[in-house]
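Peer 1: Residue 1279 in the numbering used here sits at position 281 of the sequence shown; the count goes up by one each step and never skips. Note that CB positions come from ideal geometry on N, CA and C, so glycine has one too. The structure presented is a predicted model; accordingly, all values stated were derived computationally and were not measured. Can you keep this structure in mind? I'll have questions shortly.
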Amino acid sequence: MATTQSTFQPIAPRPAPIRTEGLVPWVRHNLFGNLPSAVVTLALLALALWVLPGLVNWGITKAVFAANADQCQAARGIGACWGVVNEKFRIIIFGRYPFDQQWRPEVATIALVALLVASCVRSFWKPWLVLLWVAVLALFFVLMKGGVMGLSPVETDRWGGLPLTIMLATLSIVFAFPLSVAVALGRRSKMPAIKTICVIYVELIRGVPLISVLFMASFMFPLFMPPGTSIDVLLRVLVGITLFAAAYMAEIVRGGLQAIPKGQQEAADTLGLTYWQAQRKIILPQALALVVPGVMNNFISIFKDTSLVTIVSLYELTGAMGLALNSDSNWRPFKIEAYLFIAAIYFAFCFSMSRYSLWIEKRLSLSKNR
C-alpha cells in the first residue's frame, strides 16, 4: 500500500487589515464614504477655499485691534474693527452697573458659572450640592444687590450684560424644570380639575410669544396688584420666563411619560409602590432619559430667549451691546464686530450645553447596555 507523504505549503501573507480608528479612517468613512458624499465634500472645500481667504483678510490681516476710532474709520470696508470690543468691553459685559463696582458682578458671575460646571460633574452629585447652590445664589445676589457688608446698593434695573443673562437663564431653568414635571404629571392625572388646570396653563402660555408674556409680566401684572404694592421688574421677568419655559418643557416631559409602557406602572402597582414612589423610582427616570435631547434643546432656547428682556428695559448681553454703541456715534458703525463678539459668547455657552447633552446620552446608553 502506497503511503502519501504531505509536504508543508506555507500560506501566502495576507494584507494588513484596514484601520478603523483615527483621522484618516474617519475622513474616509464620513466625508468620502460614497460618491454623493465625496461630491458634497469637495464642493464645500472649494467654497471654503473661495471664502476663507477673504474672511481671514477682513477679520485678522487688515483688522484694527486697537481702541482707536480714527484707525477703524480708515479701515471701514477693508478690515474689521475689533477695537470696538476693546473700547466697549466693560459696558457690553456689565451693562449699566456702576463702573467702580464692576468687580462685584465679575466675582458673582465667576462663582455662578463655576457652580454650573461643578453641577455637571458626576462626582459633585451629592446631597451637599443643594446647600452649595443656596450659598452661591445667596453670594450672587448679595454681591449684585449690595446694601450689606459695606457694599453700596445697586438697583436691579442697573444690572445688565453677561451676569444678567446667566442669572436669568440659570434660575429660569432651575425653577422651570420641576414645574414642568409637575405639569406633565398633572396633564396625565385622572382628576379632572388638576388635568384641566394644567391643560389651560400649557395651551394658554404656548399660544402667545414670549414677548407678550414679558410685556404682561412687566406692565400689566402690576395693574392687578393692590395700590402701593410694587414687585421688582427683575422678579416679574424671571417669573414670566420661568412660566413660559415650563409650559414647553412640560410637553417634552409628557412625551417621555407616554413612551413608557403601561407594564412599568402595573409592575410598580404589583410591588405595592405608591403613586409617587412609582413615579420617582421607576417612571420618571426612564421618561426623562428618553427626552434628554428635547430638554437640553429647551434649555438652550431659554438661554437665548433672555435677549428679549430688553423690551422691559433690562439690558442683558444683547441690550448692553446696543446701549454701548447707540450712545456713541464714533463706534456706532461697527455693530457687526460687536454682534460677532456676543454671538461668540452665546455660541460658547450653547455649544457647551449641547456637548454635555451628548455626554449624558452616552452615559445613559451605557447603562442600558449593561
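Should the segment 1243-1252 be regarded as contacting the segment 1167-1174, the criterion being three or more beta carbon pairs within less than 8 Å?
Peer 2: yes
Peer 1: Less than 8 Å separating the beta-carbons of residue 1290 and residue 1359?
Peer 2: yes
Peer 1: Between residue 1209 and residue 1340, is the Cβ-Cβ spacing less than 8 Å?
Peer 2: no
Peer 1: Contact between the segment 1297-1312 and the segment 1151-1164: three or more CB pairs below 8 Å?
Peer 2: yes
Peer 1: The alpha helix (DSSP H) with residue 1273 in it runs from where to where?
Peer 2: 1273-1276
Peer 1: What separation, rounded to the nearest whole angstrom, lies between the Cα atoms of residue 1275 and residue 1281?
Peer 2: 9 Å
Peer 1: Cα separation between residue 1354 and residue 1344?
Peer 2: 16 Å
Peer 1: What are the boundary residues of the alpha helix (DSSP H) that includes residue 1227?
Peer 2: That residue, residue 1227, is in no alpha helix (DSSP H); it is neither H nor E in DSSP.
Peer 1: What does the alpha-carbon distance come out to for the pair residue 1105 and residue 1307?
Peer 2: 23 Å
Peer 1: Return helix, strand or coil for residue 1289, following the three-state DSSP convention.
Peer 2: Coil, per DSSP.
Peer 1: Taking 8 Å as the cut-off, does the segment 1141-1149 touch the segment 1082-1089 (at least 3 CB pairs, one atom from each stretch)?
Peer 2: no
Peer 1: Residue 1314 and residue 1158 look like a contact to me (Cβ under 8 Å); what is the Cβ gap, rounded to whole Å?
Peer 2: 6 Å
Peer 1: Quick one: grab the DSSP three-state call for residue 1153.
Peer 2: coil
Peer 1: What are the start and end residues of each continuous alpha helix (DSSP H) run of 4 or more residues lying completely inside the segment 1018-1055, in chain order?
Peer 2: Listed in chain order, the complete alpha helix (DSSP H) runs (minimum 4 residues) inside the segment 1018-1055 are 1021-1028 and 1033-1054.
Peer 1: Label residue 1006 either buried or exposed according to how many other C-beta atoms from any shown protein chain fall within 10 Å of its C-beta, with 16 as the threshold for buried.
Peer 2: Under this definition residue 1006 is an exposed residue.
Peer 1: Rank 1090, 1079, 1081 and 1141 by C-alpha distance to the C-alpha of residue 1325 and give the top, closest one.
Peer 2: 1090
Peer 1: At a cut of 8 Å, does the segment 1074-1083 reach the segment 1323-1337 through at least three beta carbon pairs?
Peer 2: yes
Peer 1: Provide the residue span of the alpha helix (DSSP H) that contains residue 1185, from first to last.
Peer 2: Run containing residue 1185: 1159-1185, per the alpha helix (DSSP H) assignment.
Peer 1: Using CA coordinates, which residue listed in 1350, 1348 and 1317 is at the minimum distance from residue 1156?
Peer 2: 1317
Peer 1: Name the DSSP bridge partner or partners of residue 1314?
Peer 2: Under DSSP, residue 1314 forms a beta bridge with 1159.
Peer 1: Flag this pair as yes or no: are the beta carbons of residue 1285 and residue 1258 separated by less than 8 Å?
Peer 2: yes
Peer 1: With a Cβ-Cβ cutoff of 8 Å, do residue 1255 and residue 1186 count as a contact?
Peer 2: yes
Peer 1: When DSSP builds the beta bridges, which residues end up paired with residue 1079?
Peer 2: Beta-bridge pairing links residue 1079 to 1062.
Peer 1: When DSSP labels each residue in this structure, what does residue 1190 get in the three-state scheme?
Peer 2: helix
Peer 1: Quick check on residue 1205: buried or exposed, where buried means 16 or more other Cβ atoms within 10 Å of its Cβ?
Peer 2: The residue in question, residue 1205, is exposed, as its Cβ has fewer than 16 Cβ neighbours within 10 Å.
Peer 1: Tell me whether residue 1093 is buried or exposed, calling it buried when 16 or more other Cβ atoms sit within 10 Å of its Cβ.
Peer 2: Residue environment for residue 1093: buried (at least 16 other C-beta atoms within 10 angstroms of its C-beta).
Peer 1: Return helix, strand or coil for residue 1326, following the three-state DSSP convention.
Peer 2: coil
Peer 1: Using C-beta distances below 8 Å, list every residue in its chain close to residue 1116, excluding the 5 sequence neighbours before and after it, in chain order.
Peer 2: 1122, 1127 and 1130
Peer 1: With a CB to CB cut of under 6 Å and the five nearest residues on each side skipped, what residues in its chain are close to residue 1179?
Peer 2: Within the same chain, Cβ atoms closer than 6 Å to the Cβ of residue 1179 are found at 1251, the five residues on either side in sequence being excluded.
Peer 1: Taking the alpha carbon of residue 1296 as the point to measure from, which residue in 1240, 1043, 1217 and 1195 has its own alpha carbon closest?
Peer 2: 1240
Peer 1: For residue 1223, is the classification buried or exposed, using 16 other Cβ atoms within 10 angstroms of its Cβ as the cut-off for buried?
Peer 2: Result: exposed.
Peer 1: Starting from residue 1117, trace the alpha helix (DSSP H) in both directions and tell me its first and last residue.
Peer 2: 1101-1117
Peer 1: Mind checking which residues open and close the alpha helix (DSSP H) that includes residue 1137?
Peer 2: Start and end: 1126-1143.
Peer 1: Tell me the DSSP secondary structure of residue 1252 in three-state form.
Peer 2: helix
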